[in-house]
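Protein chains in written order, with my numbering: chain C, 1 to 402; chain Y, 1001 to 1403. We put the CB at the ideal spot given by N, CA and C, even for glycine.
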Amino acid sequence: MPDGALSGLKVLEYGDFIAASYATKLLADLGAEVIKIEKPGIGDSARRQGPFPGDIPHPEKSGLFLFLNTSKQSLTLDPAKPAGRDIFLELVKGADIVTENHPPGFLPSIGLGYQDLEKVNPGIILVSITPFGYDTPHAHYKSYALITSAASGLAWRMGEPGRPPLALPLAAAHYQGGIHAAASAMAALMARGHTGEGQHVWISEVEVMGNILGGDGQEAYFFDGTERSRDGIHNLAFYPWEVAECKDGAFCIMTMIQRQWDRFAELTGIEELKDNPMLANMYGASQYAYEIDELWHPWLKEQTKAELWDMFRREGVAFQPVLTIEEVVKADHLRERGFWVEVEHPVAGTFTYPGAPYKLSRTPWEVATPAPTLGQHNEEILCGRLGFSQPDLVALYRGQII
Amino acid sequence: MSPLPLRGLRVIDHGVVWTGPLLGRVLGDHGAEVIWVRPPGRLVGITLSGTPTPFTDPANPRSYQPYGRSKLCVTIDLHNPKGKGLYKELVNVSDIVVENFAPRTMPGLGLGYDVLKEVNPCLIMISAPAAGSTPGPWRDLMTYGPSLSALFGLKSHLGYPGERVLDDTADLDPTACMHGFFALMAALYERGRSGLGQWIDMSQGEACLQRNAESVMEYTMNGRGWGTLGNRYPGMAPHNIYRCRGDDEWVAIAIKTEEEWAAFCRAIGNPPWTSDPAFADAQQRAKNLDELDRLVESWTMKHTKEEVQETLQEAGVAAHAVLSAAGVFRDENYTALRTNVKVEVDAIGPEMVFVGFPWKYQKTPLSIRSHQGPPDRDNDYVFGEILGLSQAERNQLREENII
């Protein structure tokens, strides 16, 4: 197996839960060496999140933790204690990137701010993932993924009129933080090639959710002041753009191409859809969305997802079914793509994980090792690399440094 | 002026619809010289059919500006043999090709990676169609972001718990864009070591499936598939969006630890219901979610969303008003983030506002360096200055409608 694309890159992860973990997973699965610093004794809180096989909680069997921490090493360490800080700085000396998602100001408060890291390694790149910004009015705000989603403008766009807005499901904002952190860390690495220096880079989840994600929200508003709210199954930018129920599930009925809509209308056999003035123009049609729906929703409800998909593919109509997670995991296409990976973990056992987000032709993505057990690499790093002795380790452990 | 991170890199951008042009823009904003290549004679906009939207109406000089910024604009007819030759000359002096066409397109033009690699072994090419480039049942499906999220199971969780699936925002394209950007940087890093380029085969859907790790692992570990999830997250309660005083006013509240729960109870004045054993700890609260939500909302309804946000944040509890696009625009934190960049560009009339840069590089800050003009605006610069074609040669190509 050839070296990974990022072989030789050295990364420290000092954070908790999802954002920083996802960022460094992206680096680790491409071959970077990632040392994940975990709280002594208890470790990353993702270990307590699950899902757990058979619903039996165990810190080495959390599906979320196992997925997020492939190909990494685990070092338990408390950098807030002086001895821990010294160890952290020793590791910074040999590192390229430090990724963190603490509340802004925490690292400087324990003497590990960018200026402190820069002193021991002028090339170090510190990437901070914050909820609301590093030095902004709400930088101190407490936050979880739901909160930044709500603040981003995205939640406003989803749900039914008159009912609560819906944020993107689960912890989308944390994953966005992670990918933006990984991307900007690499860009800062490219910059270092020009400047010879590292730098501090920070992102906020609220901004990455609102901006880059805001094609339909922020940018539309800037463009012509359009304020869209939530429209239930529809997006009323044009027609058709909706999720409509069929007999055994739902279909995304969406196209920007008149021909496609016309072909669909023919397939339904519904007379009122032909030459209907409400449908003269796809942008104008959205004002009649509910009336037009009434013409063909009952027909769709009579068809199964499978029947519809077969028909659409045969007829070149590009509507896609709303697949369940089960259907996605079982989909032939993803299996043939080799998307899923089986990872064997010494405690949790073997499960199927989502695989490569991209395929590199010469230096492929690869899960090098399963997620580490808590403190699995303490000895290797502290003794093997930093020259501590075994008795040193005992003292560090007693002092809750590791 | 501090150097931009990707200074010195040259990118050929074939982006169509959203993912591709956005990736080109991100590269351009980071300092790469991005050459957006489109066919001569017609504007391929955000729609595949050419049906103009207000955003992409060729008659409107403000249209498509956000996707054309920080890029050079050229036209080449890639169907024409001379156009292909010209294109290969450009590939020869470029570092990256970005494309999100349907998988058969570039190979069909005789310009797939296997060909371009021979022209320039250092070239890094990213192909980013919906479902990847390798053969398979979904390879040739035409999708948009929202239909792709349907196909990859992401949409199935969007809806009130136990109710029907609703439309989600189109977040797949930008998410895929950032994964593509990251993959390109990784390939560049590797090229620094090996001197060689490579091909990045990215499926937009696969890139985005990562953000559903919790639900995928629940299925692969326990065989349980989650349906619509509302605003819920396993293990956190309260965790929802609640109505506030006023019309269509909402606040999000999320509580994870017992300390946060205790702080929340104190902040709302320790009403008797908070001492009910039904809410004593996270496990109990999870069993009584509907009742918990109803009771939390009985408090939030009495206050404005700003009051709830401030009161709870002061107590160390995660809460924030649900903002609309206009609300975001007015928000003081967003203003401090410099989320919006106001720009006056002669050619496009009154001041336009663009989304800014979410990545704050302390030493190498980004800026918008150019705006979109006509699709062939930079033909002379690119074909003349970069490729060294004479005026006469360029005129000839124009006459033949190759550029």
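Starting from residue i, find everything on chain Y with Cβ-Cβ shorter than 9 Å and list it in chain order.
i: C/His200; result: Lys1360, Tyr1361, Gln1362 and Lys1363
i: C/Asp44; result: Those within 9 Å of C/Asp44 in chain Y number zero; the least Cβ separation is about 14 Å.
i: C/Ile292; result: Ordered by position in chain Y, no residue passes the 9 Å Cβ test against C/Ile292, which lies about 16 Å from the chain.
If we call anything under 8 Å between Cβ atoms a contact, is residue i one with residue j?
i: C/Pro372; j: C/Lys61; result: no
i: Y/Pro1238; j: Y/Leu1292; result: yes
i: C/Gln400; j: C/Pro59; result: no
i: C/Leu68; j: C/Ala32; result: no
i: Y/Asp1140; j: Y/Pro1103; result: yes
i: Y/Arg1377; j: Y/Ser1070; result: no
i: C/Val322; j: C/Phe251; result: yes
i: C/Arg337; j: Y/Thr1134; result: yes
i: Y/Asn1288; j: Y/Ala1280; result: no
i: C/Ala403; j: C/Ala167; result: Missing from the structure shown is residue 403 of chain C; chain C here goes from 1 to 402 and no further.
i: Y/Val1093; j: Y/Gly1024; result: no
i: Y/Ala1131; j: Y/Trp1138; result: yes
i: C/Ser204; j: C/Thr130; result: yes
i: C/Ile179; j: Y/Thr1169; result: no
i: C/Cys246; j: C/Lys305; result: yes
i: Y/Phe1264; j: Y/Ala1315; result: yes
i: Y/Pro1039; j: Y/Asp1077; result: yes
i: Y/Thr1019; j: C/Gln320; result: no
i: Y/Ile1124; j: Y/Leu1027; result: no
Which chain Y residues are close to residue i, counting only those with a beta carbon under 7 Å from its beta carbon?
i: C/Pro422; result: Residue 422 of chain C lies beyond the stretch modelled for chain C, which goes from 1 to 402, so this question has no answer here.
i: C/Gly133; result: Asn1333, Ala1336 and Leu1337
i: C/Met254; result: Tyr1144, Pro1146 and Ser1147
i: C/Gly94; result: In chain order: nothing, as chain Y lies at least about 18 Å away.
i: C/Lys142; result: Gln1313, Gly1316, Val1317 and Ala1318
i: C/Glu219; result: Pro1066 and Val1355
So which residues of chain C does residue i contact, with C-beta pairs closer than 8 Å?
i: Y/Ala1343; result: The residue asked about is misnamed: residue 1343 of chain Y is Val in this sequence, not Ala. Correct list: empty, because the minimum Cβ distance to chain C is about 11 Å.
i: Y/Gly1225; result: Thr324, Ile325 and Glu326
i: Y/His1303; result: Chain C residues near Y/His1303: none, gap ~16 Å exceeds 8 Å.
i: Y/Arg1164; result: Ile233, Val243, Glu245 and Ala250
Going along chain C in order, which residues have a C-beta closer than 7 Å to the C-beta of residue i?
i: Y/Arg1007; result: His194
Residue i lies in the beta strand (DSSP E); which residues open and close that run?
i: Y/Ala1321; result: Ala1318 to Ala1321
i: C/Phe351; result: Gly349 to Pro354
i: Y/Phe1383; result: Taken as a continuous stretch (DSSP letters only), Y/Phe1383 belongs to no beta strand (DSSP E), as it is neither H nor E.
i: C/Lys10; result: Lys10 to Tyr14
i: C/Glu344; result: Trp340 to His345
i: Y/Leu1109; result: Element bounds for Y/Leu1109: n/a, residue is neither H nor E.
i: C/His200; result: Gln199 to Ser204
i: C/Thr24; result: Note, C/Thr24: premise wrong, no beta strand (DSSP E); alpha helix (DSSP H) at Ala19 to Ala28.
i: Y/Thr1075; result: Leu1072 to Thr1075
Hey, quick one: how far does the alpha helix (DSSP H) through residue i stretch, first residue to last?
i: Y/Asp1167; result: First-last for Y/Asp1167: undefined, no H or E at that position.
i: Y/Arg1038; result: Per DSSP, Y/Arg1038 belongs to no alpha helix (DSSP H); it is in the beta strand (DSSP E), Glu1033 to Arg1038.
i: C/Ile179; result: Ala172 to Thr195
i: C/Lys305; result: Lys305 to Glu315
i: C/Leu6; result: Premise fails: C/Leu6 is in no alpha helix (DSSP H) and is neither H nor E.
For a contact meaning CB atoms closer than 9 Å, what does residue i contact in chain C?
i: Y/Ser1215; result: Pro51, Pro169, Leu170 and Ile325
i: Y/Arg1291; result: Note that residue 1291 of chain Y corresponds to Glu in the displayed sequence, not to Arg. What Y/Glu1291 touches in chain C: nothing, since even the nearest Cβ is about 16 Å away.
i: Y/Arg1294; result: Within 9 Å Cβ-Cβ: nothing; Y/Arg1294 doesn't reach chain C, min ~12 Å.
i: Y/Pro1003; result: Ala191, His194 and Thr195
i: Y/Glu1190; result: Asp3, Gly4, Ala5, Leu6, Ser7, Leu30, Gly31, Leu360, Arg362 and Thr363
Would you mind telling me which residues of chain Y sit closer than 8 Å to residue i, beta carbon to beta carbon, in chain order?
i: C/Ser361; result: Tyr1113, Gln1198, Trp1199, Ile1200 and Asp1201
i: C/Ser204; result: Leu1337 and Pro1358
i: C/Thr76; result: Residues of chain Y passing the Cβ test: none, with the nearest at roughly 21 Å.
i: C/Gly269; result: Simply none; closest approach about 23 Å.
i: C/Ile129; result: In chain order: nothing, as chain Y lies at least about 11 Å away.
In the DSSP output, what is residue i paired with across the bridge?
i: C/Gln73; result: C/Ile35
i: Y/Asn1340; result: Y/Val1355
i: C/Pro321; result: C/Phe251
i: Y/Val1097; result: Y/Ile1012 and Y/Met1125
i: C/Glu227; result: DSSP lists no partner for C/Glu227.
i: Y/Thr1175; result: In the DSSP output, where bridge partners are listed per residue, Y/Thr1175 has none listed.
i: C/Thr130; result: C/Ser204
i: C/Leu360; result: Y/Ile1200
Given that residue i touches chain A, what residues does it touch there, using C-beta distances under 7 Å?
i: C/Asp332; result: Of the protein chains in this structure, namely C and Y, none is chain A.
Open item on the list: If we require 4 or more residues per run, which alpha helix (DSSP H) segments fall completely within the segment 231–301 of chain C?
Closed with: 258–268 and 289–301
TODO: Can you check the segment 1184–1263 of chain Y for any alpha helix (DSSP H) of at least 4 residues that lies completely inside it and give the ranges in chain order?
DONE: 1204–1209 and 1213–1222
Task: Residue ranges of each alpha helix (DSSP H) within the segment 70–128 of chain C, 4 or longer - done: 82–93, 106–109 and 114–120
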